[in-house]
Amino acid sequence: MDYLLEREVAYHWSLRRGALQISNDLNVKEGTVRNIVKSIYSKMNISERWELIEILKL
1 MDYLLEREVA YHWSLRRGAL QISNDLNVKE GTVRNIVKSI YSKMNISERW ELIEILKL
């Protein structure tokens, strides 16, 4: 997985954007965005968007 894409998805997700909107902005499939979010949650051992926001301190 592209590390830069993962970071971009995490950033957009933390801004409370949806998977469809992120996929359109980053020119990837919606399923790809959802898979990346799942991967991020797994790596960080979290299960909610607010936890990601807290970690990123946005």
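The opening position of the sequence shown corresponds to residue 1 in the UniProt record's numbering, with each subsequent residue numbered one higher.
Just so it is clear, CB atoms sit at the ideal spot from N, CA and C, and this is done for glycine as well.
Of all alpha-carbon atoms in Ile-46, Val-9, Lys-57, Tyr-3, the one lying nearest the alpha-carbon of Gly-31 is that of Val-9. Within the same chain, and ignoring the five residues on either side of Leu-56 in sequence, the residues whose Cβ sits closer than 8 Å to its Cβ are Ala-10, Tyr-11, Ser-14.
DSSP places Val-9 in the uninterrupted alpha helix (DSSP H) bounded by 3–14. The straight-line gap separating the alpha-carbon atoms of Asn-24 and Val-33 is approximately 10 Å.
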